[in-house]
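Asks:
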Amino acid sequence: PKGKRYPMELIQTIVSYCGLSGATAAQNQLLILLVSYEKSAGGFEFGPRDIGFLQNIGAVGLVSTQLFLYPKLTKKFGFLNVFLLGFCMAHLSYGLFPVYGLFYDKDKYGMWRFVPLGCMQFMYTASTGMMFPTAFAFINRAAEGLNRGAVNGWANSSGALCRATFPPASAVLLSISTRWGPLGRYLPLYIVTVIAAICLACSLPGLRVINARSAINARARSPAAVAPAPPVALVPTSLEEDSRNARREPLMEA
3 PKGKRYPMEL IQTIVSYCGL SGATAAQNQL LILLVSYEKS AGGFEFGPRD IGFLQNIGAV
63 GLVSTQLFLY PKLTKKFGFL NVFLLGFCMA HLSYGLFPVY GLFYDKDKYG MWRFVPLGCM
123 QFMYTASTGM MFPTAFAFIN RAAEGLNRGA VNGWANSSGA LCRATFPPAS AVLLSISTRW
183 GPLGRYLPLY IVTVIAAICL ACSLPGLRVI NARSAINARA RSPAAVAPAP PVALVPTSLE
243 EDSRNARREP LMEA
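Quick note, the sequence shown lines up with residues 3 to 256 if you use this note's numbering.
#1: From Phe46, Leu185, Ala214, Phe168, pick the residue whose C-alpha is nearest to that of Ala257; which is it?
#2: Once the 5 residues before and after Met254 are set aside, which same chain residues still bring their CB inside 7 Å of it?
#3: How about Thr15 and Gly208: are their beta carbons less than 9 Å apart?
#4: What is the DSSP secondary structure of Ser38, reduced to helix, strand or coil?
#5: Locate the alpha helix (DSSP H) running through Gln123, then write down its first and last residues.
#6: Give, in chain order, every unbroken run of the alpha helix (DSSP H) that is at least 4 residues long and sits entirely within the segment 28 to 88.
#7: Given this structure, state the Cα-to-Cα distance separating Arg187 from Phe138, to the nearest angstrom.
#8: So Leu191 and Gln31 are supposed to be a Cβ contact under 8 Å. How far apart are they, rounded?
#9: Could you tell me if Leu236 is buried or exposed, where buried requires 16 or more neighbouring beta carbons within 10 angstroms of its beta carbon?
#10: Once DSSP output is grouped into helix, strand and coil, what is the label at Leu22?
#11: Give the DSSP-derived three-state secondary structure of Pro9 in the structure shown.
#12: Among Pro184, Leu22, Ala217, Arg210, which residue has its Cα nearest to the Cα of His93?
#13: Using DSSP with H/G/I as helix, E/B as strand and the rest coil, what is Tyr106?
#14: So, helix, strand or coil for Gly151, using DSSP?
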């Protein structure tokens with residue numbers, strides 16, 4: 003029935019979360035596959051230890067963002083602007099992967115080849131640390147007045163479906179694009195970016211509605227928006243009462 007349908011802004015918010023979840027899972031999968039290519043194929047030839055080192059750098063970026071950056075950014079620029087900033091940072095960091103690939107030669111660059119990849123992973127996880135908390139906040143704000151348990155269940159199950167389907171699809175694209183030369187292997191990264199951008203474009207009207215509604219509610223709850231209490235008229239008291247109040251003695255009724 004029409005009365006039981008979710009509002010359009012809530013559906014659009016869930017779409018943005020699904021695009022974010024699927025794109026993040028696919029990009030993490032592509033990172034592992036790309037850095038695992040052998041040196042003869044122009045790859046970094048990273049093993050599990052090297053990949054784990056990169057992921058540890060990413061963990062530092064995530065923790066640093068949550069502790070020091072995210073609260074200040076959301077307070078100053080708002081949740082929607084922080085979400086868009088994180089989106090641009092995430093896809094820019096992976097979009098420069100062909101530049102990182104120039105430093106694949108271990109004999110020539112040694113440990114220096116970890117520098118661009120480490121900066122990329124730090125920037126990427128920092129940006130996802132901006133997007134995911136904002137997406138959760140938008141979903142819960144869009145679900146105001148609804149059954150939030152059901153809404154979060156739909157959002158989490160939809161996001162899990164995207165996390166399950168995007169990585170194998172990106173792996174298939176990678177196996178196909180490698181036939182198109184050394185630069186063809188990076189094509190799935192840009193396809194994922196395009197899909198994520200489409201999801202964001204479809205959900206942006208709803209995100210703007212929720213962001214504006216949250217700003218109005220925040221102003222309504224601010225101390226400056228609270229009407230001052232009317233002045234209380236002072237009742238004159240006698241000198242005897244003033245004296246007793248000063249000594250904190252209770253007044254006795256006759």
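Note that the Cβ used here is the ideal one computed from N, Cα and C, for glycine as well.
Replies: In terms of the structure at hand:
#1: Past the boundaries of the shown model lies residue 257; the chain is included only from 3 to 256, so the question cannot be answered.
#2: Start at 1 with the first residue of the sequence shown, and residue 254 comes out as number 252. Residue placement at Met254 is poorly supported in this model, since its pLDDT is 42, which falls under 50; the coordinates still yield a value, given next. So the list is empty, once near-sequence residues are dropped.
#3: By one-based count along the sequence shown, residue 15 stands at place 13. By one-based count along the sequence shown, residue 208 stands at place 206. Cβ distance < 9 Å, so Thr15 and Gly208 count as in contact.
#4: One-based indexing of the sequence shown puts residue 38 at position 36. Three-state DSSP puts Ser38 in coil, outside helix and strand.
#5: On the sequence shown, residue 123 is found 121 positions in, with the first residue counted as 1. Here the alpha helix (DSSP H) through Gln123 covers 116 to 144.
#6: 50 to 66, 72 to 79
#7: Residue 187 sits at position 185 when you count from the first residue of the sequence shown. Residue 138 sits at position 136 when you count from the first residue of the sequence shown. Those two C-alpha atoms are separated by around 33 Å.
#8: As a position in the sequence shown, residue 191 is number 189, starting the count at 1. As a position in the sequence shown, residue 31 is number 29, starting the count at 1. Between Gln31 and Leu191 the Cβ distance is about 11 Å, and since that is not below 8 Å, they are no contact.
#9: To locate residue 236, count along the sequence shown from 1; it is residue 234. Note on Leu236: pLDDT 46, under 50, position unreliable in the model; the coordinate value appears next. Counting Cβ neighbours within 10 Å, Leu236 comes out exposed, since fewer than 16 surround it.
#10: Here residue 22 refers to the residue found at position 20 when the sequence shown is read from its first residue. Helix at Leu22.
#11: The residue labelled residue 9 in the question sits at position 7 within the sequence shown. In the displayed model, Pro9 falls within coil according to three-state DSSP, outside both helix and strand.
#12: By one-based count along the sequence shown, residue 93 stands at place 91. Measuring from the Cα of His93, the nearest candidate turns out to be Leu22.
#13: Residue numbering aside, residue 106 sits at position 104 when the sequence shown is read from its first letter. Three-state result, Tyr106: coil.
#14: Counting from 1 along the sequence shown, the entry for residue 151 is found at position 149. Helix, per DSSP.
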